[in-house]
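Engineer: Following this message is one structure expressed as C-alpha cells.
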Amino acid sequence: MSSNESRVVWSTDWQPPALSALNFNPDDEVLCQAAGAWKAINVGSFQHQQNFITADYVLAYLRAILPSNIMQPNDYTLLHWYNDRIVVDMDETTRMPTHGSLLETLSDFPLEYCSADVCKNLDWVGDPDVSGRGMLITYYIAAALVTIYACALALSRSSILKGRYPASSKRAWLLSGFEESVSTFLDGTLIFAVSMLAAACFRLSQAFFQEAGASNGHWMIYASIGSIYMSTFSSLLPLLLQLVARDVRRHWLRLLLWTLILFLGIANEILYDCFFAKVKAYQLKDLIEAIWLSYCNPNALLAHGLLPTLRLAQILLVLNALYYVVYRSCRGKTANTKRWAKLKAFWQGAKPYIQSLNAAICCLLMWSILGVFHYYRDLVNDAAGDDNQNSDWTFGQVLSVATWLPVLVEFATVLKYGPEEGLGKKISRNYTVVSNTAPVYNEKDMQYSRVETGFTSTEHI
Numbered sequence: 039m040s041s042n043e044s045r046v047v048w049s050t051d052w053q054p055p056a057l058s059a060l061n062f063n064p065d066d067e068v069l070c071q072a073a074g075a076w077k078a079i080n081v082g083s084f085q086h087q088q089n090f091i092t093a094d095y096v097l098a099y100l101r102a103i104l105p106s107n108i109m110q111p112n113d114y115t116l117l118h119w120y121n122d123r124i125v126v127d128m129d130e131t132t133r134m135p136t137h138g139s140l141l142e143t144l145s146d147f148p149l150e151y152c153s154a155d156v157c158k159n160l161d162w163v164g165d166p167d168v169s170g171r172g173m174l175i176t177y178y179i180a181a182a183l184v185t186i187y188a189c190a191l192a193l194s195r196s197s198i199l200k201g202r203y204p205a206s207s208k209r210a211w212l213l214s215g216f217e218e219s220v221s222t223f224l225d226g227t228l229i230f231a232v233s234m235l236a237a238a239c240f241r242l243s244q245a246f247f248q249e250a251g252a253s254n255g256h257w258m259i260y261a262s263i264g265s266i267y268m269s270t271f272s273s274l275l276p277l278l279l280q281l282v283a284r285d286v287r288r289h290w291l292r293l294l295l296w297t298l299i300l301f302l303g304i305a306n307e308i309l310y311d312c313f314f315a316k317v318k319a320y321q322l323k324d325l326i327e328a329i330w331l332s333y334c335n336p337n338a339l340l341a342h343g344l345l346p347t348l349r350l351a352q353i354l355l356v357l358n359a360l361y362y363v364v365y366r367s368c369r370g371k372t373a374n375t376k377r378w379a380k381l382k383a384f385w386q387g388a389k390p391y392i393q394s395l396n397a398a399i400c401c402l403l404m405w406s407i408l409g410v411f412h413y414y415r416d417l418v419n420d421a422a423g424d425d426n427q428n429s430d431w432t433f434g435q436v437l438s439v440a441t442w443l444p445v446l447v448e449f450a451t452v453l454k455y456g457p458e459e460g461l462g463k464k465i466s467r468n469y470t471v472v473s474n475t476a477p478v479y480n481e482k483d484m485q486y487s488r489v490e491t492g493f494t495s496t497e498h499i
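To convert a position in the sequence shown, counted from 1, into the working numbering, add 38.
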C-alpha cells in the first residue's frame, strides 16, 4: 500500500479473471442469494436516484462469481475492481450497461436465473389491510354466515318442510331465528360492502395518481388487485341475502346503500382500468413495481383466475341492478293483450327457478372469489421475503373480525325470547312488536303498534 497527501492508492498484483472464467452457475444457491440481494438493492437505489449501495452486497456477489481455484483478493481490491473496472461500463445516455460487458452479465443474471431471490429481497411489505390474516378470517366468517342464512331461508320457504314440521317444532323455531334476524345481517353486509368499496376507491386513486407522477409509493399493483377483488366479493354478500330474504321490508337506507355500491363499483372499475392499462403494457414508471409484475407476481393466476371471476361477479351485480330497475318500473302496470297475459303467466312460473339459479350462481361466485384470492395471497407470500406483513395482525383487523358479532347476538336473542319479544327488546317501551297474520303481505301495513298509556302488560316487554 502506498499513500500521499491527496489520496490513497491500493496497489496489488491480483488480476481479475476473464469473463468466461467467472462462476455464473444458476444451480449455485449461494450465488443466487448474493445475486438476488445485489439486484434488489440496485433496483431500489436506482428507483430512489441514489448513486451508492452498501458494500456488503457487492462483496458477496463478487466473491460468489470468483472461481475457487484462484487467489482470493481482499475486500478493498474487490471494491476497487467493482468501482473502477465494472461500473464504468455504463451507457451515459440510456443508463444501461454496455452490451457484452461484465456489468451487463451481473445485471441480467439475477433476473434470468435467480428471480425468486430477487423477489425475496425487494422489501415487499404486503397489504395487511386487505389480505391480512384477520381480514381473511373476516371474509370466511361473512361467507359462512351468508351461506348458512341462505340455506336456512331456502328451507323455511320449502313446501316440503312446511308440510312436514308444524310451526311449534324445534326446526321451525330454529328457522324463525334466521328469518327474523336476517334484516340486521343484511344491513350489516351492506355497510361492510360500502366500506370496502370506498376503501378500494381510495386505494385505486392512490395507484392512479402514483403512476401519473403526482405521488410516490410502491406496491400499488398488489394493493389494487386485492382492493377491487375483495370489495367486489363484499358486494356479493348482501346480494345473496337480498335474493333469499324475500320478506324483508324495503327501506330507503338500503336503497341508498345499494346505489352507493353500484356507483362505487363503477368508479373502482374505471380507476382500475386506467392504472392497469399501463401495467398490461409494462410501461410502469415505478421500476420496482415493473420487476415485481414481471418476475414475482403470479400473472397466470391473475389472468385466468382473478380477472375472470371478477368480471363474472361484476356482470352478476349489474344484471341484478337492471332487473330491479325494470321490475320496479313494470310493477303494477297492466295490459289487456293476450301476449302480456301469457308473458306474465310465464314469468310467474319461471320466477322461482330464475331466483334460485341466481342465488346459486351468486353463492358459487362468492366462494370462488374467496378461494382464488386465498390461493393468490399464498403464492405472493411464498414469493415475498421476510419483510412481508400479510400475516401480521393489526388493530383494524381485530375490529373487522368483530363486525359480525351483532348478527350472532340478534340471532341468539330471537331464539331465546322468540321473534316478538326478541325484536321488541330492540325498541323503546312506547311500542310493541305484533305478529302479521295477513295472508297477503302489504308493505303499507304498520310494523309496530302504539302502546296505550297506563299500566299494561306490554310495558314489561
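Cβ atoms here follow ideal geometry from the backbone N, Cα and C, with glycine treated the same way.
Output needed for L277: all residues of its chain with C-beta closer than 8 Å, excluding positions within five of it in sequence on either side, in chain order.
Structural biologist: L354, L355, N358 and C400
Engineer: Report the three-state DSSP secondary structure of P148 (helix, strand or coil).
Structural biologist: Collapsing the DSSP output to three states places P148 in a helix.
Engineer: According to DSSP, is V471 helix, strand or coil?
Structural biologist: Of the three classes helix, strand and coil, the one that applies to V471 here is strand, per DSSP.
Engineer: Identify whether P135 lies in helix, strand or coil by the three-state DSSP scheme.
Structural biologist: strand
Engineer: Tell whether a beta-carbon distance below 8 Å holds between Q435 and P166.
Structural biologist: It is a contact, given that the beta carbons lie within the stated cut-off.
Engineer: Please classify E448 as buried or exposed, where buried requires at least 16 other C-beta atoms within 10 Å of its C-beta.
Structural biologist: buried
Engineer: Using the Cα positions of I308 and V452, report the straight-line distance between them to the nearest angstrom.
Structural biologist: 43 Å
Engineer: Out of V96, R377, W76 and L443, which one is the CA nearest neighbour of I179?
Structural biologist: L443
Engineer: Ignore the nearest five residues each way along the sequence and tell me which others in M128's own chain have a CB closer than 8 Å to its CB.
Structural biologist: M134, P135, T136 and L141
Engineer: Hey, I329 and V156 are a contact pair by Cβ (cut 8 Å); roughly how many whole angstroms apart?
Structural biologist: 7 Å
Engineer: From T92 to C189, what does the alpha carbon distance come to, in whole angstroms?
Structural biologist: Distance between the alpha carbons of T92 and C189 is about 60 Å.
Engineer: For a test of the three-state rule: what should DSSP assign to M128, helix, strand or coil?
Structural biologist: strand
Engineer: For K500 and G215, which I take to be in contact (beta-carbon distance under 8 Å), what is that distance rounded to the nearest angstrom?
Structural biologist: There is no way to answer for residue 500, as the model of the chain reaches only from 39 to 499.
Engineer: Is A56 closer than 8 Å to A72 when the C-beta atoms are compared?
Structural biologist: With a cutoff of 8 Å on beta-carbon distance, A72 and A56 are scored as not near each other.
Engineer: Taking DSSP as the reference, what is the three-state secondary structure of M234?
Structural biologist: In the three-state scheme derived from DSSP, where H, G and I count as helix and E and B as strand, M234 is classed as helix.
Engineer: Report all residues from its chain with a CB closer than 7 Å to the CB of H498; omit the five preceding and five following residues, and keep chain order.
Structural biologist: A caution first: H498 carries a pLDDT of 38, below 50, which makes its placement in the model too unreliable to give a value.
Engineer: Quick one: what's got a C-beta closer than 7 Å to S262's C-beta in the same chain, skipping five residues either side?
Structural biologist: Answer for S262: R241, L242, A245, Y310 and F313, listed in chain order.
Engineer: Do the CB positions of N61 and L69 come within less than 8 Å of each other?
Structural biologist: yes
Engineer: What number of angstroms, rounded off, separates the C-alpha of S187 from the C-alpha of L446?
Structural biologist: According to the sequence displayed, residue 187 carries Tyr and not Ser. Whole-angstrom Cα-Cα distance: 11 Å.
Engineer: Under 8 Å, do N306 and A379 count as touching if we go by C-beta distance?
Structural biologist: no
Engineer: Could you tell me the alpha carbon to alpha carbon distance between Y120 and W162, rounded to whole angstroms?
Structural biologist: 28 Å
Engineer: Between E67, V96 and S169, which has its C-alpha nearest G409's C-alpha?
Structural biologist: S169
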